[in-house]
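K.L.:
In terms of my numbering, the sequence shown opens at residue 573 and continues consecutively. Beta carbons: idealized from backbone N, C-alpha and C, even for Gly. Since the structure is predicted, the reported quantities are computational estimates derived from the model, not experimental observations.
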Amino acid sequence: NPYMQNKTHVVNKATTITPALANTAYKIQFDTPALAGGVSLDGTYPTRIVFTEAGTYLLGFSAQITSSNASSVEFRFWPVINGTNVAGSTIVASLKNNGDTTVVSRTAIFQMTAGSYLEVAWATTSTASYLDAHAATAYAPASPSATLSITRLRQ
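(1) Please go through the same chain and pick out, in chain order, the residues whose beta-carbon is closer than 7 Å to the beta-carbon of Thr697, but skip the five residues on each side of it.
(2) Among the candidates Lys585, Arg678, Lys668, whose CA atom is the shortest distance from the CA of Pro618?
(3) Could you give the residue range of the beta strand (DSSP E) that holds Phe683?
(4) In three-state DSSP terms, what is Leu725?
(5) Can you look up Ile663 in the DSSP assignment and give me helix, strand or coil?
(6) Is the separation between the beta-carbon of Ala635 and that of Ser661 shorter than 8 Å?
(7) In or out: Val664 buried (at least 16 other Cβ within 10 Å) or exposed?
(8) Measure the C-alpha to C-alpha separation of Thr692 and Thr656 and round it to an integer number of angstroms.
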């Protein structure tokens, strides 16, 4: 039964990501995970997550965004499949004050073919805004700056 073949993979970015330029698209390079079962990171292009098995996939993305700017800043996130921006898929979030932090997230379902790849792009209106990872404390574990979970729903 193809509906019983669910496999979930999670990739994180354990460090803070700061943009070099405002209003410029960047791709998130996730940390090398122990992926298996049809999903892997591309060894040549490390921002690409390659789907070696065709199927319908549920993707859950989240990012922890922070601003050290006293003015309002805007963040945008969107999926890129095989080098093409996915139309109508952008997450837009804004922070209003210096020191603001929040988490943005979205889930979506994509039909992927064998050999296709996914990248997560992002941009912000200020170089004083970033994807924020936090170190562990005495009472809580560390938090990644971005997380992508990938679940294969069916073939």
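P.N.:
Walking through what the data contain:
(1) Excluding residues up to 5 positions away in sequence, Ala594, Asn595, Val645, Glu646 lie with their Cβ nearer than 7 Å to the Cβ of Thr697 in the same chain.
(2) For Pro618, the closest of Lys585, Arg678, Lys668 by C-alpha to C-alpha distance is Lys585.
(3) One detail in the question is off: residue 683 reads as Gln in this sequence, not Phe. From DSSP, the beta strand (DSSP E) with Gln683 extends over 673 to 684.
(4) Correct three-state label for Leu725: strand.
(5) When DSSP states are grouped into helix, strand and coil, Ile663 belongs to the strand group.
(6) Cβ atoms of Ala635 and Ser661: not closer than 8 Å.
(7) Classification of Val664: exposed, given that the 10 Å Cβ count is below 16.
(8) Rather than Thr, the amino acid found at residue 692 in this sequence is Val. The C-alpha of Val692 lies about 11 Å from the C-alpha of Thr656.
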